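Asks: Sending over a structure as structure tokens; questions will come in a sec.
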Amino acid sequence: MPFSPDYVRIVLNENFEDAKALFLDPLMAIHYAHLCMLRETGIVSLEDARTIKRALDAIDLEAVRTAKYDGSYEDLFFYLERQVVAACGDAIAGRLHTARSRNDIDMTMYRMCIRKWVLSLMEATVQLRHSLVDLAARHRHTVYPAHTHTQPAQPSTVAHYLLAAIEQLERDGTRLKAAYACVNQNPLGACAITGTGFPIDRERTSALLGFDGPTGNTYGSIATVDYLLESASAAAVTLVGVGRVVQDLLLWCTMEFGYLRLTDGFVQVSSIMPQKRNPVALEHARALASKAFAQAGAIPVAVHNTPFGDIVDTEDDLQPLVATMFKDAIRAVSLVAVALEDADVDVAKMRVRAGENWISVTELADTLARDRGLPFKAGHTIAARLVRGRTSRPDASLSELVAEISKDVTGTAVEYTEDELNTLLSPEHFVAIRRTLGGPAPEVTGAAIEESRSKLAEDAGWIASSRARLLGAESGLKAATVGMG
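Numbering-wise (our numbering), the sequence shown opens with residue 14 and increments by one.
Spelled out as structure tokens, the structure:
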């Protein structure tokens, strides 16, 4: 019975185009791997395996990619099956589909694609970490006013701020590696949902396709989507974190802040206002990250409250969304990474702002408690009244005000020279004395930067080894198919 022209136009044609773009290569790899396993286990004879292999070899992949859907077959799987049948006949071609189903083929294809996308997103986060670590290393001593609740709060350093973002990205890496481990399990052999009575070797197809091993329960191999949700969730968390940093960086690029300047290659001009220098690379990154985050959020919505089994909702119409989500996520993170590689920080302007608005006055309260033995609450009161007193009496010296206020608060005047107070209230002193683990003191951030470089090398090595393992599996599959003759 022919398909409805409307069904062809609305659904099948679109799905065929998506499948050609996303799944042709993994589908062919699955065909070869399954054929090798069938031959090695004796399920298919060597003669028939060679005939099927020649039929697979004869498929012109470029011609497939340009093929137009005509509605005479359901999907890409049946389109390729038709070519195998044409090459070696129904009787032999049909043996390739022994002990498998489109169900386990589809789930295997999806996992093969998603693992590569997770790797690429991980690679983009490592690239961004490289940019941030290098920038942090150049600005361990660059003080600036850190904000809380959008208001100047306390002096910190650019390195301290960037290390916060770097550590967040390191945790993103941990999540992405966990997602990779979850997705890199092989469903092939689960068949429709209950496995098979044939003596297949699921470990063998897993090795040939670069998986860490086979999935377990055959029902769950087809029914579950947690592998997909975990990958989407890890991507979403990464996007939220990067997006929040990008929002700050765009604020830093404003003329009002003037902290950050992108190189000319990442800005655009106005068609009417000749003075404009728009940091649009970061705007594009923010838009892409937001778009990808929305797509990531749509994935669990699409599968929420669907039956726990083989169902279209997790397949043809959903997987292209997963692909575009990862594509946009990778673009967003990569764009921030390259835009920041050679960005300039206005050290002088940041230093001026770090000395304004009394944002270092917490250190006076701390010093009074630490060095003079006052309760912190009393020190806090003295510091607060100093700010108000200097505002109402701008000509009074700091030392005079501190002595007066401390006597009023504690009954005893606390004596400091003007130079001592100027040093105590300087942003450099504020930062230097904060040697807490994770704090902004240059020696602390210096050690943290070196630790982050070590983690960078470790994660870059993990990416390289993961990619090498996939390439090794491809080579092993080619060797195995060649071995059939």
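Glycine included, every Cβ here is placed at the ideal spot set by N, Cα and C.
Since we're looking at a predicted model, the values are computed, not measured.
#1: Is it buried or exposed, Y20, if we count other Cβ atoms within 10 angstroms and call 16 or more buried?
#2: So S133 is in the beta strand (DSSP E); what residue range does that whole segment cover?
#3: Distance, Cα to Cα, E13 vs G451?
#4: Between T161 and M363, how many whole angstroms is the CB-CB distance? I'm expecting something under 8 angstroms.
#5: Which runs of the beta strand (DSSP E) spanning at least 3 residues fall entirely within the region 159-238, listed in chain order?
#6: Would you grab the beta carbon distance between G254 and D185 for me? Rounded to a whole angstrom, and I think it's under 8 angstroms.
#7: So, N291 versus P165, is the Cβ gap smaller than 7 angstroms?
#8: Classify T231: buried if its beta carbon has 16 or more other beta carbons within 10 angstroms, exposed otherwise.
#9: Are the beta-carbon atoms belonging to D357 and R274 less than 7 angstroms from one another?
#10: Rounded to whole angstroms, what is the Cα-Cα separation between D103 and N318?
#11: In three-state terms, what does DSSP make of L273?
#12: DSSP three-state call for D318: helix, strand or coil?
#13: Quick one: is K468 buried, meaning 16 or more other Cβ sit within 10 Å of its Cβ, or exposed?
#14: Quick one: Cα of G233 to Cα of G322, how far?
#15: With DSSP as the reference, label D31 as helix, strand or coil.
#16: Since Y157 and V146 are thought to touch, with beta carbons under 8 angstroms apart, how far apart are those beta carbons, to the nearest angstrom?
#17: On the CB-based measure, 16 or more other CB atoms within 10 Å of its CB, does V346 come out buried or exposed?
#18: Can you tell me whether Q260 is buried or exposed? The criterion is at least 16 other CB atoms within 10 Å of its CB, across all chains shown.
#19: Quick check on the DSSP output: the alpha helix (DSSP H) that includes F339 runs from which residue to which?
#20: Could you tell me if T228 is buried or exposed, where buried requires 16 or more neighbouring beta carbons within 10 angstroms of its beta carbon?
#21: Taking the Cβ atom as the reference point for each residue, do A391 and V365 lie within a distance shorter than 7 angstroms?
#22: Quick one: is E413 buried, meaning 16 or more other Cβ sit within 10 Å of its Cβ, or exposed?
#23: Tell me the DSSP secondary structure of N26 in three-state form.
#24: Which class does V280 belong to by DSSP, given the choice of helix, strand or coil?
#25: Contact defined as beta carbons within less than 8 angstroms: I believe A350 pairs with Q140. What is the distance between those atoms, to the nearest angstrom?
#26: State buried or exposed for M286, treating a residue as buried only when at least 16 other CB atoms are found within 10 Å of its CB.
#27: Taking a contact to mean a Cβ-Cβ separation below 7 angstroms, would you say L295 touches D341 in this structure?
#28: Please state if the CB of A396 and the CB of A416 are separated by a distance shorter than 7 angstroms.
#29: Taking only three categories from DSSP, how would you classify D357?
#30: Tell me where the alpha helix (DSSP H) around F443 begins and ends.
#31: Go ahead and pull the three-state DSSP assignment for Y157.
#32: Alpha carbon to alpha carbon, how far is F306 from S283? Give it in angstroms, no decimals.
#33: So what does N291 bridge to, in DSSP terms?
#34: Taking the alpha-carbon of G386 as reference, which of R401, L40, G368, S419 has the nearest alpha-carbon?
#35: Nearest by alpha-carbon distance to Y193: which of W130, T138, G210 is it?
#36: Would you tell me roughly how many angstroms separate the C-alpha atoms of E433 and A178, rounded to the nearest one?
Replies: Answer, in terms of the structure:
#1: exposed
#2: Looking at the DSSP string, S133 is not in any beta strand (DSSP E); the run it does join, the alpha helix (DSSP H), is 115-151.
#3: The requested residue 13 is not part of the displayed model; the chain covers only 14 to 498.
#4: About 17 angstroms separates the two Cβ atoms, so there is no contact after all.
#5: 164-170
#6: 6 angstroms
#7: no
#8: buried
#9: yes
#10: Between the C-alpha atoms of D103 and N318 there is a straight-line separation of about 40 angstroms.
#11: strand
#12: The identity of residue 318 in the sequence shown is Asn, whereas the question assumes Asp. Look at N318 here: in three-state DSSP terms it is coil, with no helix or strand label.
#13: With 16 or more other Cβ atoms inside 10 Å of its own Cβ, K468 counts as buried.
#14: 8 angstroms
#15: helix
#16: The Cβ separation is near 18 angstroms, so there is no contact.
#17: buried
#18: exposed
#19: 332-353
#20: buried
#21: no
#22: By the beta-carbon neighbour count (other beta carbons within 10 angstroms, threshold 16), E413 is exposed.
#23: Looking at N26 - three-state DSSP - the assignment turns out to be helix.
#24: Coil.
#25: 4 angstroms
#26: exposed
#27: Taking 7 angstroms as the Cβ cut-off, L295 and D341 do not qualify as a contacting pair.
#28: No; because the gap between Cβ atoms is not below 7 angstroms, this pair is not in contact.
#29: strand
#30: 440-445
#31: strand
#32: Cα to Cα, the separation comes out at about 29 angstroms.
#33: Residue pairing by DSSP places N291 opposite Q281 in a beta bridge.
#34: Answer by Cα proximity: S419.
#35: Comparing Cα positions, the closest option is W130.
#36: 35 angstroms
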